[in-house]
Amino acid sequence: MNEKVYKTMAVTGAGNIALGVIMLVSGIACGIVAIVSGAKLLKRKSDIIF
192 MNEKVYKTMA VTGAGNIALG VIMLVSGIAC GIVAIVSGAK LLKRKSDIIF
């Protein structure tokens with residue numbers, strides 16, 4: 192019985208670590224895309240006519 196609990200805890204812990212890494216990478220990627228998009232907008236703000 193105890194072996195099943197420890198195995199479940201190990202699998203859950205590994206899954207949580209993997210999910211955390213994926214969230215970290217996707218968050219960094221989204222931040223980079225936002226910065227690049229903002230820089231492009233600022234670079235071409237003189238071309239915008241209202």
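Each residue of the sequence shown is one higher than the one before, starting from 192 at the first, in the working numbering. Don't be surprised by glycine CBs; every beta carbon is placed ideally from N, CA and C.
| Close-in-space but distant-in-sequence residues of the same chain around Asp238 (CB under 6 Å, 5 per side omitted) | Excluding positions up to five away in sequence, the list is empty.
| Alpha carbon to alpha carbon, how far is Thr203 from Ala225? | Approximately 33 Å, taken between the alpha carbons.
| query | To the nearest angstrom, how far is it from the Cα of Ala154 to the Cα of Gly229? | reply | Residue numbering for the chain in the displayed model covers 192 to 241; residue 154 lies beyond these limits and cannot be assessed.
| task | Quick one: grab the DSSP three-state call for Ile223. | result | It is helical.
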